[in-house]
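Enquirer: In the numbering used here, the protein residues as written are 25 to 113.
For every residue, glycine included, the Cβ atom is placed at its ideal position computed from N, Cα and C.
#1: Kindly indicate which three-state DSSP category residue 64 falls into: helix, strand or coil?
#2: Decide if residue 64 is buried, meaning its Cβ has at least 16 other Cβ atoms within 10 Å, or exposed.
#3: Would residue 106 be called buried (16 or more neighbouring beta carbons within 10 Å of its own) or exposed?
#4: For the segment 76-86 against the segment 97-112, are there 3 or more C-beta pairs whose distance is under 8 Å?
#5: On the DSSP letters alone, give me the boundaries of the alpha helix (DSSP H) that residue 107 sits inside.
#6: What's the gap between the Cα of residue 54 and the Cα of residue 39?
#7: Taking 8 Å as the limit between beta carbons, can you name the residues of its chain near residue 78, skipping five residues before and five after?
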């Protein structure tokens with residue numbers, strides 16, 4: 025039976041550890057980007073609903089990537105902020 029040197033076993037586990045660390049470092053920013061993108065889509069949907077019901081008060085909120093990002097990142101207060109800024113400007 026061949027004998028496996030300890031340096032080979034240690035190198036194998038060190039490689040697995042490095043692979044785990046690289047995977048983790050790539051996964052954390054991607055998770056943040058996916059969350060930001062999903063929030064932006066929901067923010068755009070919320071602004072679209074404001075526009076759909078805004079015909080009662082003649083309110084129209086522009087939907088662009090910045091307003092969708094603000095509404096998605098801040099949630100309902102973000103939608104109120106975008107509506108307030110539209111009314112002020």
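Expert: If we stick to the structure as given:
#1: Position 40 of the chain shown, counting from 1, holds the residue named residue 64. Here residue 64 sits in helix by DSSP.
#2: On the chain shown, residue 64 is found 40 positions in, with the first residue counted as 1. Classification of residue 64: buried, given that the 10 Å Cβ count is 16 or more.
#3: Residue mapping note: residue 106 aligns to position 82 of the chain shown, counting from 1. Label assigned to residue 106: buried.
#4: With the cut-off at 8 Å, the segment 76-86 and the segment 97-112 touch.
#5: As a first step, residue 107 must be located in the chain shown, where it is residue number 83. Residue 107 -> alpha helix (DSSP H) spans 100-112.
#6: Counted from its first residue, the chain shown places residue 54 at position 30. Counted from its first residue, the chain shown places residue 39 at position 15. Cα to Cα, the separation comes out at about 23 Å.
#7: Working through the chain shown from its first residue, we reach residue 78 at position 54. For residue 78, where only same-chain residues beyond five positions count, the Cβ hits under 8 Å are 84 and 85.
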